[in-house]
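Novice:
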Amino acid sequence: MNSEELTTYLQKNNLLLVNKDALLDLMVEVNLKTKVDKRVKWLTQRDVIAKYGVTRHWLTLAEKNEKSPLKVKKGAYKTAKKKYNEQSVIDTQNWQYEISNC
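Convert by adding 4 to the 1-based position in the sequence shown; the result is the number in our numbering.
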């Protein structure tokens, strides 16, 4: 099969040849664009403690403080776990840092 036959075959069947590196770059770009934004990601208490190095006591104090920017989503049932908005955890840490430096 020569190159002309190959191109006509590809055109007839609506196929396209793509550079592998270009395809991988495109997939990386698509994954970055479709990644969940931190502003809408909710984490459990265990995840927050592991990821941001905070303590349960810190979370409890931040929840009780009305001025704290921490957003908490309580579950519908007694045994449901609390969820913390990831961006609000970051904002609360920055907020406490600013307050302590004043």
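The beta-carbon is built from N, C-alpha and C at its ideal position, and this holds for glycine as well.
On the CB-based measure, 16 or more other CB atoms within 10 Å of its CB, does Thr-59 come out buried or exposed?
Specialist: Its Cβ having fewer than 16 others within 10 Å, Thr-59 is exposed.
Novice: Return helix, strand or coil for Val-32, following the three-state DSSP convention.
Specialist: Correct three-state label for Val-32: helix.
Novice: Lys-77 and Trp-46 look like a contact to me (Cβ under 8 Å); what is the Cβ gap, rounded to whole Å?
Specialist: Yes, they are in contact, since the Cβ atoms of Lys-77 and Trp-46 sit about 6 Å apart, within 8 Å.
Novice: How many angstroms separate the CA atom of Val-22 from the CA atom of Leu-14?
Specialist: Distance between the alpha carbons of Val-22 and Leu-14: 12 Å.
Novice: For my contact list, Val-52 and Tyr-88 are in at a C-beta cut-off of 8 Å; report their separation, rounded to the angstrom.
Specialist: With a Cβ gap of about 5 Å, Val-52 and Tyr-88 count as contacting.
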